[in-house]
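Down below is the structure, laid out as structure tokens.
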Amino acid sequence: MGGLAMALDSRIPSGPLAEKWDKHKFDMKLVNPANKRRYSVIVVGSGLAGASAAASLAEMGYQVKCFCVQDSPRRAHSIAAQGGINAAKNYANDGDSVQRLFYDTIKGGDFRSREANVYRLAQVSVDIIDQCAAQGVPFAREYGGLLANRSFGGALVSRTFYARGQTGQQLLLGAYQALSRQIGLGKVKMLPRTEMLDLVVVNGNARGIVARDLVTGKIESHSASAVVLATGGYSNVFFLSTNAKGCNTTAIWRAHKKGAFFANPCYTQIHPTCIPQAGEHQSKLTLMSESLRNDGRVWVPKNAGDKRSPDQIPESDRDYYLERLYPTYGNLAPRDISSRAAKRVCDEGRGVGPGGRGVYLDLADAMKRLGEKTVRERYGNLFDMYERIAGENPYKVPMRIYPAPHYTMGGLWVDYNLMSNLPGLFVVGEANFSDHGANRLGASALMQGLADGYFILPNTIGQYFASMKRDPVTAEHPEFKKAEQDLKSQIDQVLAARGKKTVLAFHRELGKVIWDYCGMARTETSLRKALAIIPALRDEFKKNVDVTGSAGDFNQALEQAGRVADYLEFAELLCQDALHRNESCGGHFREEFQTEEGEARRDDANYSYVAAWEYAGAGKPETLHKEPLTFENVHLQQRSYK
Amino acid sequence: MNLTLRVWRQKNAQEAGKLVSYVASDVSPDMSFLEMLDVVNEHLIQKGEEPIAFDSDCREGICGMCSLVINGVPHGAQVQKGTATCQLHMRKFKDGDVITIEPWRARAFPVIKDLVCNRSAFDRIIQAGGFVSINTGGAPDANAIPIAKRDADRAMDAAACIGCGACVAACKNASAMLFVAAKVSHLSQLPQGQVEAKDRVRQMVARMDEEGFGSCSNQSECQAVCPKEIPVDFIAQMNREYLKSSV
């Protein structure tokens, strides 16, 4: 076990919190500009973190190959982020600062993230806005020409920058355009419709990937000096989530099976404002931006079983429960707290809409106060989207919302340099576990993705190159050939099964188990149930999955089969982690551990650590490594938004 | 409801394709169009057939991946304007309807399989100049350059393009003018994009022509099907930018 303490060294620089990043940048070794072209980097994923990393690394002179599963890097799911991006600019003159963004994020994450990482995130947040504005991102502006801000959950200042309801789209297009420029210059080789299916480790270092060309089915190896995973989160383990259909855990899960530790998988975020499920056929859930909570009021009928239409329910019979329970933050209470409050009122029989799983998000007061025109200007596209999906006009009837899986704070373990425990394997964006602790605040995902890709990784990766021995490894290395062979036989097995159940049916079944037993609220009993079902479902998948078509062809069912097979393995670790963490914190709510008011009760004495899991082989329990979290600059307390 | 689908099936880019009929039964009006196809595909797999290949990802109208021509119109815009295919719901159709589903058809967008086509020509147009040439780091404070709200808003109107290619699919000349105009206008509307405005428009237009897109038909079919309802005014703006670039 001697080497393990080494392996989990978070490499947080010494010195005062506010000086760590600058000090670290100075202390790191540099790569001679003329030598940068001798190093090659594989970037998997082209969302905010991947595209910004690929573009920035290429600008610096590294040779970059970037992979994505979509037909274009512009389609990564970052594009769907609606509300905004946080930055400690204090343009609103309302008392914001790097320190406050740091504190809000640490507190929002329920004191389960690293101080040093979060502080750095708050520091570079200001550079992100400058960078994006210079790229031509059309942020919202005030009439005087300066940037506009709004508030988001978990904050009492206005620090969220936005581009209508399409902030993620505009930031991603900024990064995509920077990436496109490098592709055009021949500095990045882009491989769209290509899926990473394995990580290749040579002599303990990550040295490349094996990928499948999704059009021809060809399996190919790609070697490099380092590999960067920017492949997003694992919310689709729930089947129904707000993630795109293609979002998957395959890249990080397969890297995990090659030795990378998986940290805090049980920290999953359930977003409070999604359009409720309409039926069994549903393929995904759609988010209504949290920005609506700036002007919207959330309520349910006071009395259980009140079936009157909302306009027939007088004020006196309504319960604006977020305003009642959390008067300070009100409708802007953080996501985990708002989601659980919605679940509670629905469990009490006060939910609205089909099946009673919904609460009202009502903008009637805002329309009276601001006029319909202003509301239309702020939220028009969201209202239109709601009307198309729900078939109701939100200008007339309050919207119905319900929580849905949205983001995953857990991910591959990384040190301060964003490098996993496998040297040469870097992980950025949602794919890593680094900055959000047990709960992410709204408008912080875009911030973290771009911080990692534009400003952190390009600095830290050089240190790795400068200290590694140059040791050329080509894709002809036996480790690559072995990985290719293993993959081909896995694919052949899936196609040979010809069972009776489709991949989609398995995914739906798994999703229901995880949502019911490891969703918004978890208990030891529910988790043990899930842990009994998952292995059986996985065995059934092997024998009974039905995938048609061939391996050497464009075959979407086969792509999905690989991803669902990985979810069937990953789900077990998710539940294992949730079971081991005998406390409630952020997005991880264990019913056994709550205060009298039903809020999360942390156990700082025993669980103030990052749980990093090491793969131990098929069917074997994973090994837990703990990275203790120390807080020197904030005082741990029970989160209160009252 | 019960529907008859006539779906374009094509094994790959080399082989010829044809329309094949399928029955979609017990379709719920609350399903999205793509969820209806998911159900059809489940049945096809269970019958041992290959499912219908179609592109989709976010299924909330923003990634631009889904790309179906429904009864002759991209994204089914004759049924519901201003949305991508993924946000079209079956409540817009009637029991007994016959629905023809085809891929985008344009020389610059060759079919890969069934309803999936290759739109990388769009990426190459952006690579030719659809950006502001700045590296990471060293940008001035974001408030250093004020931008009039109307300019920022107009830039955003153009930048809303999701790059789906419906504009090309709707045009009888398979012109990419609306797509290119949206990016040219977005960037030329802002001070940050002014520096390279002349080179940008020339390079992007040249690449558009090289990729085999046709000329503008001036019939505004592109605007009619655009899921983001990007107006053809931007084509006029691009033409102005193009003219300006030669003086």
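First to last, the sequence lines map onto chains P and V.
The first sequence: position 402 = 402 (my numbering), numbered continuously.
The second sequence: position 244 = 1244 (my numbering), numbered continuously.
Here a beta-carbon is modelled for each residue, glycine too, at the ideal position from N, C-alpha and C.
Note that the coordinates shown come from a computational prediction; the quantities given were computed from them, not determined experimentally.
Query, Result
"Residues that P:P405 bridges to, as DSSP identifies them", "P:I270"
"Segment contact flag, the stretch 435 to 446 of chain P with the stretch 81 to 92 of chain P, C-beta cutoff 8 Å, min 3 pairs", "yes"
"Cβ contact check for the stretch 492 to 499 of chain P and the stretch 213 to 222 of chain P: 3 or more pairs under 8 Å", "no"
"Contacts of V:D1123 in chain P (Cβ-Cβ under 7 Å)", "S72, S180"
"Same chain, Cβ closer than 7 Å to P:A5, neighbours up to 5 away in sequence not counted", "Caution applies to P:A5, whose pLDDT of 41 falls short of 50 and renders its modelled position unreliable; the value that the coordinates give is listed next. The answer is none, since no qualifying residue turns up."
"Classification of P:T548 by the beta-carbon crowding that lies within 10 angstroms, buried from 16 upward", "buried"
"Residues sharing a beta bridge with V:H1089, DSSP", "V:S1032"
"Test item: CB-CB of V:T1100 and V:L1019 under 8 Å", "yes"
"Beta carbon proximity, P:A18 to chain V, threshold 8 Å", "no"
"C-beta atoms of V:A1142 and P:L121 nearer than 8 Å", "no"
"Chain P contact for V:C1226 (CB, 8 Å cutoff)", "no"
"Bridge-paired residues (DSSP) for P:V201", "P:A206"
"Range of the contiguous beta strand (DSSP E) that encloses P:C66", "63 to 67"
"Alpha carbon of V:M1204 to alpha carbon of V:G1165, nearest angstrom", "16 Å"
"First and last residue of the uninterrupted beta strand (DSSP E) at P:K368", "No beta strand (DSSP E) contains P:K368, which is instead part of the alpha helix (DSSP H) from 364 to 370."
"8 Å Cβ cutoff met for P:E290 and P:F426", "no"
"For P:E622 and P:E632, the rounded distance between their alpha carbons", "31 Å"
"For P:N294, three-class secondary structure by DSSP", "helix"
"Assigned secondary structure, P:V41 (DSSP; H/G/I helix, E/B strand, else coil)", "strand"
"Boundaries (first-last residue) of the beta strand (DSSP E) holding P:S221", "219 to 223"
"Beta-carbon proximity check, P:H507 vs P:Y567, cutoff 8 Å", "yes"
"Of the residues P:P192, P:G499, P:A206, P:G47, the one placed nearest P:A475, counting alpha carbons only", "P:A206"
"Straight-line Cα distance separating V:Q1237 from V:R1009", "39 Å"
"Contact between the stretch 189 to 209 of chain P and the stretch 1142 to 1155 of chain V (3+ Cβ pairs under 8 Å)", "no"
"Close-in-space but distant-in-sequence residues of the same chain around P:L361 (CB under 8 Å, 5 per side omitted)", "T273, M288, L292, R293, G296, R297, V298, P398, M399, R400, I401"
"Extent of the continuous alpha helix (DSSP H) run through P:F253", "The displayed chain sequence assigns Trp, not Phe, to residue 253 of chain P. Taken as a continuous stretch (DSSP letters only), the alpha helix (DSSP H) holding P:W253 covers 250 to 257."
"Residue-level contact to chain V via CB, P:S283, 8 Å cutoff", "yes"
"Heavy atom of the ligand HEM within 7 Å of V:M1204 beta-carbon", "The ligand HEM is not among the ligands present in this structure, which contains no ligands whatsoever."
"Amino acids of chain P, ordered along the chain, whose beta-carbon sits closer than 8 Å to that of V:H1089", "R388, I389, G391"
"V:W1104 - containing alpha helix (DSSP H), residue span", "From DSSP, V:W1104 is part of no alpha helix (DSSP H); its letter is neither H nor E."
"For P:Y103 and P:N149, believed in contact at Cβ under 8 Å, the rounded distance", "Rounded, the Cβ-Cβ distance is 18 Å, inconsistent with contact."
"Alpha helix (DSSP H) segment containing P:Y464, residue limits", "457 to 467"
"Close-in-space but distant-in-sequence residues of the same chain around P:P138 (CB under 8 Å, 5 per side omitted)", "A163, Q170"
"As assigned by DSSP and simplified to three states, the class of P:N35", "helix"
"Cβ-based burial, P:R434 [other Cβ within 10 Å; buried from 16]", "For the sequence presented, residue 434 of chain P should be read as Ser rather than Arg. Buried: at least 16 other Cβ atoms inside 10 Å."
"Own chain, CB closer than 7 Å to P:M1, minus 5 neighbours either side, in chain order", "The pLDDT assigned to P:M1 is 36, lower than 50, so where the model puts this residue is not dependable; a value taken from the coordinates is nonetheless given after this. Answer for P:M1: no residue qualifies."
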